[in-house]
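Q: Numbering (this note's numbering), first residue to last: -9 to 165.
Think of the CB as a built atom: it goes at the ideal place given N, C-alpha and C, for glycine as much as any other residue.
First, the structure itself, so that you have it in front of you.
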Ligand SMILES: CC(C)(COP(=O)(O)OP(=O)(O)OC[C@H]1O[C@@H](n2cnc3c(N)ncnc32)[C@H](O)[C@@H]1OP(=O)(O)O)[C@@H](O)C(=O)NCCC(=O)NCCS
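Below is the structure:
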């Protein structure tokens, strides 16, 4: 049976935010947040955003890249994650994730990280990629961003090909 293509969706339909208060157990010995804690939350926020765009079913993370840390996050600060769909291919959805921190007692929000994550929608088997709704481009800024998004996709796919081709170091050899 031939499936009808799904209608395009705007980025505004799947914008997502999550927030946490950072805890002592999430800090390194210097009292600042482990980057891995931030990455995990960023992935969760991006994944929910991508899932909303996909509309149903299962998605998986294909890549998290270009996560740039702009400054430290301190224990006890409120950390906020904002994700928005920035590009959609046939089966993949790229989200741009921005992260903000602010002291618990003062409304002084600052940007602490920015990055991109790509999710792939999967069919009922949970293994094969399946098509997702296209992205409805609404603004000139979004239109201009498409070029950069395609360039990011090309870099990721080249990186994947390189990773698939390389064997890496032999296990068990410590130099
Ligand atoms: C992501 C995955 C489903 C892609 O499956 P595949 O059979 O290689 O599929 P394809 O090569 O047809 O790629 C499907 C889509 O994913 C995109 N894609 C695949 N690998 C990618 C990568 N490393 N970075 C960015 N996009 C990627 C492709 O560009 C394609 O997008 P499009 O349909 O929008 O053009 C598969 O590689 C996988 O399962 N990876 C592991 C995911 C996982 O376990 N994540 C959690 C890690 S803890």
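1) For the pair the segment 40 to 59 and the segment 81 to 98, tell me if three or more CB-CB distances fall below 8 Å.
2) Are the CB atoms of residue 112 and residue 51 within a distance shorter than 8 Å?
3) Consider the C-beta atom of residue 82 and the heavy atoms of ligand 1; say whether any pair is separated by less than 7 Å.
4) Inspect the beta-carbon positions of residue 36 and residue 148 and report whether they are closer than 8 Å.
5) Following a CB-centred definition, is residue 161 positioned closer than 7 Å to any heavy atom of ligand 1?
6) Taking the alpha-carbon positions, what's the residue 44 to residue 55 distance?
7) Can you list, in chain order, the residues of its chain whose CB lies under 6 Å from that of residue 1, leaving out five sequence neighbours each side?
8) Return the chain-ordered ranges of every beta strand (DSSP E) run that is complete within the segment 47 to 99 and spans a minimum of 3 residues.
A: So, to answer that:
1) yes
2) no
3) yes
4) no
5) no
6) 21 Å
7) 74, 75
8) 48 to 59, 68 to 78, 82 to 92
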